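Only one structure is covered here, and it is reproduced in the block below.
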Amino acid sequence: MCSDKWLNCRLRDLQARLEEKAHKVSLPVLSRLLRKRDYRLRSNVKENEGNTPTERDPQFRYLQEQRTLFQEAGLPVLSVDAKKKELVGDFKNSGQVWCQEPEAVLVHDFPNQGVGKAVPYGVYDLTHNLGTVYVGQSADTAEFAVDNLAHWWEQERPACFAQATALLLHADCGGSNGVRSKLWKQQLQEKLADRFGIEVTVCHYPTGCSKWNPIEHRLFSEISKTWAGCPLRSFERILQYLRETKTETGLRVAAHLVTKIYQKGIEVADEVMAALNITHHTICPKWNYTIRPRNHSIIPEIGNL
């Protein structure tokens with residue numbers, strides 16, 4: 003006998019099978035009988051974690067420790083990530099808005115019928131609940147990510163962290179700021195640590211845990227609410243929606259358009275990686291590391307590595 007306790011058929015199919023066995027029953031009665039036995043239309047439930055890394059819990063604890071350490075020292079703690087790319091043009095955008103007549107958009111989402119593709123990269127200041135979104139127009143690369151961080155350090159940081167000499171980044175395990183990206187580390191060395199003479203500490207979230215990155219539920223989710231149901235017809239309109247994003251808890255968002263074209267597939271030679279001034283932490287070293295400047299005076303370390 004089959005041990006499966008579910009049916010993958012329509013009620014009419016089940017009704018036909020019963021009639022084949024001389025049991026005539028109406029659809030409402032059949033539905034009621036199934037519900038009486040707690041049979042419902044249900045979806046799959048994602049509950050099985052699979053191969054969970056043993057270091058996941060220690061890494062989450064370490065992330066919190068580092069965040070507290072930097073915040074108590076008055077240093078910036080940034081959650082960073084790239085948001086889903088958006089087609090720019092007369093395209094449908096999921097969601098609903100209050101209106102008398104729905105806006106008409108294109109039937110098909112063909113990119114060549116639009117203005118381009120927006121690549122939003124977010125920088126979220128956990129201490130002050132401030133978000134900055136850089137809207138690129140080409141590719142989501144490590145160079146793009148670090149250029150945005152360099153702009154944040156130069157333009158946005160002085161208002162809140164004028165005297166800061168170090169920086170903590172919370173990033174996902176993959177993507178343009180992923181733990182395996184050589185270009186990400188090389189760009190952090192050259193465009194942040196060396197250029198500004200600062201100490202850059204990066205703590206990555208474990209594999210499959212990106213939803214716990216604060217930027218996802220504190221910034222990106224609010225942005226999605228702001229432009230839900232609104233066609234993103236131009237880059238200017240995207241920037242407008244981003245700047246209008248706010249919450250009752252004080253979230254404010256700045257937005258900038260990035261016109262530089264970034265190339266994919268840039269490789270970093272082993273000798274370049276060997277020249278980086280990078281120190282991996284003793285706890286979960288593959289996910290935690292600090293990059294220090296090579297051409298500035300030594301900066302005091304922040305806490306224990």
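In the working numbering, the protein residues as written are 3 to 307.
Idealized CB from N, CA, C, for every residue including glycine.
Quick caveat, the model's predicted, so the values are computed rather than measured.
Separation of the CB atoms of R69 and V79 is rounded to 5 Å, and the pair is thereby assigned contact status at 8 Å. Sequence-distant partners of R245 (beyond 5 residues in either direction) whose C-beta falls short of 8 Å from its own C-beta, in its chain, are V255, A256 and A257.
The C-beta separation of A173 from I293 comes to about 13 Å, leaving the pair out of contact by the 8 Å criterion. Assigned with DSSP and collapsed to three states, T292 falls in strand.
Under the DSSP definition of a beta bridge, I285 lacks any partner. By the neighbour-count definition (other C-beta atoms within 10 Å, threshold 16), L259 is an exposed residue. In the three-state DSSP reduction, P60 falls in the helix class (H, G or I). Inside the region 49-132, DSSP marks whole alpha helix (DSSP H) runs of 4 or more residues at positions 58-74, from first to last along the chain. Across the set L89, N95 and H130, the C-alpha of N95 shows the shortest separation from the C-alpha of A230. Counting C-beta pairs closer than 8 Å gives fewer than three between the region 40-54 and the region 136-147, which falls short of the contact rule. Beta-bridge pairing by DSSP links V255 to G133. Leaving aside the five residues that flank Y291 on each side, the residues in its chain whose CB is nearer than 7 Å to its CB run, in chain order, V204, I280, T281, H282 and H283.
Distance between L32 and S226, taken at the CA atoms: about 42 Å.
Per DSSP, the continuous beta strand (DSSP E) segment holding A168 begins and ends at A168 to A173. In this structure, L234 sits near V90, with a CB-CB distance shorter than 8 Å.
Burial is judged here by how many other beta carbons sit within 10 angstroms of a residue's own beta carbon; K85 has at least 16 and is buried.
With at least 16 other beta carbons inside 10 angstroms of its own, C286 counts as buried. H206 sits in a strand when the DSSP states are folded into three classes. Per DSSP, H153 is one residue of the alpha helix (DSSP H) stretching across A144 to H153. For A276, the enclosing alpha helix (DSSP H) has its first and last residue at D272 to A276. Distances from the alpha-carbon of E105 to those of F112, F93, G116 and P113 put F93 closest. For the pair P295 and R58, the CB atoms are not nearer than the 8 Å cut-off.
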